[in-house]
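Residue numbers (my numbering): -5 to 181.
Single-structure report; data block below.
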């Protein structure tokens, strides 16, 4: 049986967090779950839909997705309803194409503390690391934080990531970095 400790190692693990509003509207956003010892938490901005949903419902799902396009789109836009799957009597929804997910009960303080409720591995894949996928994730994170960079520093970082994606990326990675540049209007 797979446990949370089997999946989340020390440090930060990038996932797509899914939540639902009080009105039943699903939301997805890429976030990093921090593990320190036996503690799990996420730092969230309080002015986001994800934070409001977690505050209202007390739950989130951490989805493990290998499609870089989902990270890019969910960082800046709402995913269409077709991406989500609601389980009977389950809050929150999960992503249909997730290889697995962890449902967490949340406690909102300075950070959002996470207590695992359930773990599901939907499909097993051999671990294969793709530098381009990591570069797409890094470029997406930089893109969400462009306002904190001086001058063209953030855009330069995104372009460095793009060069790596073009060198060793899959068609999905290349499509994701193009989408990111389109959303951020980087030409």
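Just so you know, even glycine gets a beta-carbon here, dropped at the ideal spot from N, CA and C.
A quick note: this is a predicted structure, and the numbers were derived from the prediction, not measured.
Considering just the uninterrupted stretch of the alpha helix (DSSP H) at residue i, what are its terminal residues?
i           : result
residue 124 : Note, residue 124: premise wrong, no alpha helix (DSSP H); not H, not E.
residue 97  : Run containing residue 97: none in the alpha helix (DSSP H); it sits in the beta strand (DSSP E), 94 to 102.
residue 70  : 62 to 70
residue 45  : 43 to 51
residue 118 : No alpha helix (DSSP H) holds residue 118; DSSP gives it neither H nor E.
residue 139 : Premise fails: residue 139 is in no alpha helix (DSSP H) and is neither H nor E.
residue 158 : 147 to 162
So if DSSP puts residue i in a beta bridge, which residue, or which two residues, is it bridged to?
i           : result
residue 5   : 29
residue 34  : 29 and 108
residue 133 : Answer by DSSP bridge pairing: none, since residue 133 is not bridged.
residue 14  : 20
residue 88  : 79
residue 178 : Answer is none; residue 178 lacks a bridge partner.
residue 58  : 94
Grab the span of the beta strand (DSSP E) containing residue i for me, first residue to last.
i           : result
residue 115 : 106 to 115
Are the CB atoms of residue j and residue i within a distance shorter than 8 Å?
i           : j           : result
residue 97  : residue 126 : no
residue 133 : residue 149 : no
residue 28  : residue 113 : no
residue 12  : residue 21  : yes
residue 99  : residue 53  : yes
residue 63  : residue 170 : yes
residue 2   : residue 34  : yes
residue 19  : residue 51  : no
Are there 16 or more other CB atoms within 10 angstroms of the CB of residue i, so buried, or fewer, so exposed?
i           : result
residue 61  : buried
residue 25  : buried
residue 167 : buried
residue 181 : exposed
residue 31  : exposed
residue 142 : exposed
residue 136 : buried
Any chance the stretch 155 to 162 sits against the stretch 84 to 101, with 3 or more Cβ pairs inside 8 Å?
Verdict: no, contact absent.
Please determine if the stretch 31 to 39 and the stretch 91 to 109 are in contact, where contact requires at least 3 C-beta pairs separated by less than 8 Å.
Flag = yes, the stretch 31 to 39 and the stretch 91 to 109 touch.
Taking one C-beta from the stretch 43 to 50 and one from the stretch 59 to 69 each time, how about it: are there three or more such pairs within less than 8 Å?
Put simply, the stretch 43 to 50 does not touch the stretch 59 to 69. Fewer than three CB pairs are less than 8 Å apart.
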